[in-house]
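Okay, structure first, notes after.
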Amino acid sequence: MEISSKENTQFFSNNTNLPVDRTSFKSESSASKEKQSCCGGIKIFLGALSFVYFAKALSGSYLKSTITQIERRFDIPSSLVGVIDGSFEIGNLLIIILVSYFGAKLHRPRIIGAGCLIMSAGTFLIAMPQFFMGRYRYERFPSTINSTVSISPCLQDKSQTPLSALEKSQAKINAGCEKEAGSSMWIYVLLGNLLRGIGETPIQPLGITYIDDYAIEENAALYIGCVQTVAIIGPIFGFLLGSLCAKLYVDIGFVDLDSVTITHKDVQWVGAWWLGYLIAGVISVLASIPFWFLPKHLPKPESRKDSSTSSEQSKFITEDNKDQHKSYQQQVKIAEMAKFLPSLKNLFGNPVYILYLCASIIQFNSLIGMVTYKPKYIEQQYGQTSSKTNFVIGLINIPAVAFGIFSGGLIMKKFRISVLGAAKLSLGSSFFGYLLLLSLFAMGCENSDVAGLTVSYHGTKQMTDYEQALFSECNSGCACSKNDWDPICGENGVTYISACLAGCQASNGSGKNTVFFNCSCVGTLQSPSRSSSAVVGPCQKGNECPKMFLYFLVISVITSYTLSVGGTPGYILLLRCIKPHLKSFALGIYTLAIRVLAGIPAPVYFGVAIDTTCLKWGSKRCGGRGACRLYDASALRYVYLGLTLVLGTVSIFFSVAVLWVLRKRSSPQDETLSANGERGTCGTKSRKDNFVNSDLLIQTTYWPEKETRL
């Protein structure tokens, strides 16, 4: 009777009024209908789950593409942007344990649907500040704005400026300060991303287990592979959406675009970052709809009804049998709690697992930090626009990652590589990947010539305190502020922080077509006796920079592919080196460690390090330091690539230690495959305990946020 009740848990939960013994009289036609219903239901769930994976990958990658836009819009440093980026992992960790434990007892499809709605709410919340914080104000001298008031850039005599204009400008600034004093709108972005992390939590654990419970056993691996493949497509569309939105002005639809005096090539340009979040939020809402109509249970496939593996839900006692099994359930809980500490001790007593865990944590620190600030690095190092940067990453880098992951799995299958071989492949992938990354040190651009920052007003390289060097004899008669950032490009190819600091006496035209004349500082680099002109906007990078950018793209794509090849072998190494009954626990600890020790801190300390390379900080309207306007290109290159390589090198040492332990514990027969395809294991003590079924390896070849990490 106990066996019968276990086999018919599904039946009890749906038809509690019917007797148990009626299930034994099913006809062949009803069995055929049940099989068709099962196949149809699981395929609908598969399609819905694939769309959800696409939606969450799209919104996550879109956030990466808007890092620089958010930084400029809210006038915050890179370190604070790193905190915002890491808030997703914090939200995920808040409820991961609750979802993993209680999720299997409840209606899993509806929990996934609710998670999608929470994820969409978080995405909408990120975009909300755009509608509450007013229009974007960039620094521009009044003469470059469409106005009837003609003002000399070099305010040698403040009486040149009409008093009414000064008073109105100051009144607007004071009003803005009163409004901004009690609000930090970037907090809404942080809370929205936190909410995204909470909503995303149930998708993977509940979705994958639902497929594994109700799919035909031989099809489960294929279905999960399809879901993961769709997840990699999401970041491609996410970065392409970021590229499109970065070309549109932030206040599109709210202001007259003809009055905008900056272009998308200007460092002060902010694209319509909020528009992509609205689109991503709508997609998440649409993705949630099918899950509200899917059943709590699907009919069990005939091939799995008599198998020893039961669904995760069937392991829980139904309401009808709760009383008679109450004592048994308590005994099970006590037994599980008693096994926890020995299991933890067993897991952390495995040197291969610990060493691989350390190597993965450090490597993910390297990769997460690198990917988070890659758009910023390309923009600042090679002078590219945000739109082009996102387009390149989405169309070139992400497909290279997907192809690398596929290649790694194909190599493992085709050559039937042992555990020791998987460790070698993973190590070789990391070694050659970071070796290629080392070559990027030689593929950077020199600093742009910015008077008073990277070069002096006399054409020599810059020396000490840059703020004191902003003023020179050529602009000593002008009433200029060192906090302004309204760059102009002199005809000598040098960028000046503002028309005032360039000593310009007159201007002609308005908006983007403004031309400044009689600029005393521009003439000093060519002929002290001759004054020259300048135009709005910074000068372009040197002639060699486009070529260096092309080289960077080629090496970056090859590096992304090389590092991705080792991901699958390394993950399979992890699975084969632990006992089967500890596999789920080991993967849970692994995911938790990656999120806590890499996903959260890496963007923060990478941002802090990048902030140290800033040459010119912006100033907020109410005082205080804003976002960085100009970075030292050489220092940025050494800090960004250097930190990535140092972390990667340390992870390689741990990978070497993993290989050494495996060689020490493996017999010569384990290092190669036998003629009948026998797989190597982590040790010779118990081949049976360490062996992992190939289908399970295919199903679980996944690591946290792999679709956006590389």
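Residues in the sequence shown are numbered from 1 upward in steps of one, following the UniProt record's numbering. A virtual CB, placed ideally from N, CA and C, is assigned to each residue, including glycine. Note that the structure is predicted; figures quoted are calculated from it, not measured.
Using 9 Å as the threshold, is the C-beta distance between residue i and residue j below it?
i           : j    : result
P390        : S243 : Correcting the residue type first, residue 390 is Asn in the shown sequence and not Pro. Yes. Within cutoff.
G199        : S284 : yes
L410        : I555 : no
S59         : G207 : no
C480        : S498 : yes
G103        : I111 : yes
A502        : S520 : yes
G86         : G599 : yes
F45         : I211 : yes
F291        : C116 : yes
D258        : Y138 : no
K512        : V260 : yes
G624        : V83  : no
R392        : Q384 : It is Val, not Arg, that sits at residue 392 in the sequence shown. It is a contact, given that the beta carbons lie within the stated cut-off.
V401        : V455 : no
G490        : L470 : no
S666        : L420 : yes
G566        : G349 : no
Y353        : L347 : yes
residue 714 : N365 : Because the chain here runs from 1 to 710, residue 714 falls outside it and cannot be looked at.
residue 716 : F552 : There is simply no residue 716 to check, as the chain begins at 1 and stops at 710 in what is shown.
I96         : T201 : yes
C504        : N518 : yes
Does DSSP put residue i in a helix, a strand or coil?
i    : result
L453 : coil
G238 : helix
Q363 : helix
T568 : helix
S418 : coil
V255 : strand
C521 : helix
G41  : helix
Q540 : coil
T372 : helix
I488 : strand
G642 : helix
F471 : coil
S245 : According to the sequence displayed, residue 245 carries Cys and not Ser. Reduced to three states, the DSSP call for C245 is helix.
T480 : Inspection of the sequence shows that residue 480 is occupied by Cys rather than by Thr. Correct three-state label for C480: coil.
C116 : helix
A231 : helix
A402 : helix
C358 : helix
G122 : helix
A534 : strand
V515 : strand
G271 : strand
S311 : For S311, the pLDDT reaches just 49, beneath the cut-off of 50, and the residue's location in the model is therefore unreliable, although a value from the coordinates is still provided. DSSP places S311 in coil when its eight states are reduced to three.
Y496 : strand
Quick check: is any heavy atom of the ligand GTP less than 8 Å from the C-beta of residue i?
i    : result
G509 : The model on display carries no ligand, and the ligand GTP is accordingly not part of it.
Taking 7 Å as the limit between beta carbons, can you name the residues of its chain near residue i, skipping five residues before and five after?
i    : result
N397 : S556, V557 and S560
L357 : Y590 and A593
G626 : D75, W617, G618, S619 and K620
L355 : F654, A657, V658 and V661
Y631 : Q380, T613, C614 and L615
Do we get a CB-CB distance below 9 Å when we pair residue i with the residues of chain D?
i   : result
G86 : Absent from the structure: chain D. Only one protein chain is present.
In chain order, what residues of the same chain have a beta carbon less than 6 Å from the beta carbon of residue i, not counting five sequence neighbours either side?
i    : result
A57  : A231, G234, P235 and E707
D611 : P77, S78 and S79
Y223 : L46, I211 and A215
S65  : F239, G242 and N390
Below 8 Å CB to CB, which residues in the same chain sit around residue i once its five sequence neighbours on both sides are set aside?
i    : result
Y62  : G238, F239, L241, G242, G276, Y277 and A280
Y188 : L125, I126, M128 and P129
V227 : L46, L49, S50, Y53, G207, I208 and I211
T562 : G404, S429, F432, G433 and L436
F132 : M185
(request) Report yes or no: do three or more beta-carbon pairs, one from the segment 363–377 and one from the segment 602–616, lie closer than 8 Å? (result) Touching, yes, given that three or more Cβ pairs across the two stretches are closer than 8 Å.
(request) Evaluate the contact criterion for the segment 440–451 versus the segment 536–545: three or more CB pairs, one atom per stretch, below 8 Å. (result) As far as the Cβ criterion goes, the segment 440–451 touches the segment 536–545, which means the pair count is three or higher.
(request) Say whether the segment 565–576 touches the segment 47–61, bearing in mind that this needs 3 or more beta-carbon pairs closer than 8 Å, one atom from each stretch. (result) A contact between stretches requires three or more CB pairs, one per stretch, nearer than 8 Å, and the segment 565–576 fails this requirement with the segment 47–61.
(message) Could you check whether the segment 261–275 touches the segment 63–80, counting it as contact only if at least three pairs of C-beta atoms, one from each stretch, sit closer than 8 Å?
(response) By the Cβ criterion, the segment 261–275 is in contact with the segment 63–80, since at least three pairs of Cβ atoms, one from each stretch, lie closer than 8 Å.
(message) Under 8 Å, with one C-beta from each stretch per pair, do the segment 109–124 and the segment 635–642 reach the 3-pair mark?
(response) The segment 109–124 vs the segment 635–642: no contact.
(message) Runs of 3 residues minimum, wholly inside the segment 560–634: which ones carry the beta strand (DSSP E) assignment?
(response) Here the runs fully enclosed are 614–619 and 625–631.
(message) Please give me, in chain order, every unbroken run of the beta strand (DSSP E) with length at least 3 that falls completely inside the segment 423–454.
(response) List check, beta strand (DSSP E) in window: nothing returned.
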